[in-house]
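Sequential numbering of the first sequence, starting at 5, is according to this note's numbering.
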Amino acid sequence: MLKVATWNINGVKARLDALTAWLSEASPDIVCLQEIKSVDEAFPREPIEALGYNLQTHGQKGFNGVAILSKRPLEDVTPRLAGDDSDEQARFLEAVVSTKSGVLRVASAYMPNGNPLGGEKFAYKLAWMERLRLWVDERMELEEPFLLAGDYNIIPEPEDARHPERWTDDALFQPEVRRAWRELLATGLTDAIRSVSDDPGLYTFWDYQAGAWQKNNGIRIDHVLMSPEAADRFAGAGIDKHVRAWEKPSDHVPVWVALDLD
DNA sequence: ATGGTTGAAACTCAA
């Protein structure tokens, strides 16, 4: 069994205690991190390596930044999403691990937030999602198990928000963005959480503001999408919601999938 | 309700 998780940690230095505590508790084999908010040289590697993880980072100063942690060696490590060489934002990191049944490809993605509407940031979000879909099309041709895990900054459906009506003017819930999500799924990817439950109220993010956590005013924006070959090995998925109640929490919680691979 | 909170880094921006 291989357990793969994604977590937007909102600052790796601020979250180091929570990260090591969760790694010890959940013991994931592979972890995709987003919003490390650190340059590669300043990433606190030692406490994570001491827990038995290999570590690859793709950071930048101040914001964004992604990483992949793995108990197995990480091969073919590739930063950046193809399709725009002028894009300087550190939002994508791809790697491969070996299993007895062959390779598993994993990508850690931090999609643009896209707010406010009607400006450059929203256009960048839509362009980034189109680039991502082209990347998925390419990877699909390999016919290998892969996971596209990360903070998508997309609320796919009204039941993925406690108060969907409050998100109608937000980039995370725009029709164009939700359409791009459906186009991603139309390539043949499967939403891991929705393959175990169609319950409303499964959230991965609660804002720091206005008591959102206490009121359970959450949204589901962190997702793991599985290629058909990964979905064939699907053995479970979940959201580690309790982590949001810890001291100094991220505003996001980990989402994980288990695959029948060793 | 144009508030509310957090992180990184610089005295503001991004979320």
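C-beta atoms are modelled at their ideal positions from N, C-alpha and C, and glycine is treated no differently.
Sequence-distant partners of S105 (beyond 5 residues in either direction) whose C-beta falls short of 6 Å from its own C-beta, in its chain, are L265. The three-state secondary structure of G205, taken from DSSP, is coil. Contact between L151 and V110 holds: their C-beta atoms lie close to 5 Å from each other, under 8 Å.
Between W260 and A175, the alpha-carbon positions lie close to 25 Å from each other.
Our two residues, A127 and H62, have alpha carbons roughly 23 Å apart in a direct line. DSSP places Y114 in the uninterrupted beta strand (DSSP E) bounded by G106 to Y114. With respect to L108, L6 sits close: the two C-beta atoms are nearer than 8 Å.
Remark: C-beta atoms of W210 and D255 approach each other more closely than 8 Å. In the DSSP assignment, W260 falls within the unbroken beta strand (DSSP E) covering V259 to L263. L73 is not a Cβ neighbour of P83, given a cutoff of 8 Å. Here DSSP, grouped into helix, strand and coil, assigns D155 to strand. Here P232 has G192 as same chain residues with Cβ atoms under 6 Å from its own Cβ, once five neighbours each way along the sequence are excluded.
Contiguous beta strand (DSSP E) elements confined to the region 36 to 91 occur at 58 to 62, 70 to 74 and 79 to 83, taking only those with 3 or more residues.
The alpha-carbon separation between P204 and D195 amounts to approximately 15 Å.
Looking at the DSSP output, E98 bridges to T82 and A111. E180 and P149 have their C-alpha atoms spaced approximately 28 Å apart. Residue range F238 to I243 is occupied by the beta strand (DSSP E) that includes F238.
With three or more CB-CB distances shorter than 8 Å, the region 239 to 250 counts as touching the region 18 to 32.
Note that the C-beta distance between V8 and A153 is below 8 Å. Comparing C-alpha distances from W185 to each of I225, G215 and N221 shows the shortest one belongs to I225. When the alpha-carbon of G242 is set against those of I197, A165 and C36, the nearest one is in I197.
When only Cα atoms are considered, D244 and E142 end up about 31 Å apart.
Burial state of S42 is buried, judged by a 10 Å Cβ sphere holding 16 or more other Cβ atoms. Less than 8 Å separates the beta-carbon of A71 from that of Q60. Each of R135, R49, W217 and K65 was checked against the Cα of D89, and the nearest Cα belongs to R135. About 7 Å separates the Cβ atoms of E39 and N68, confirming a contact at the 8 Å cut-off.
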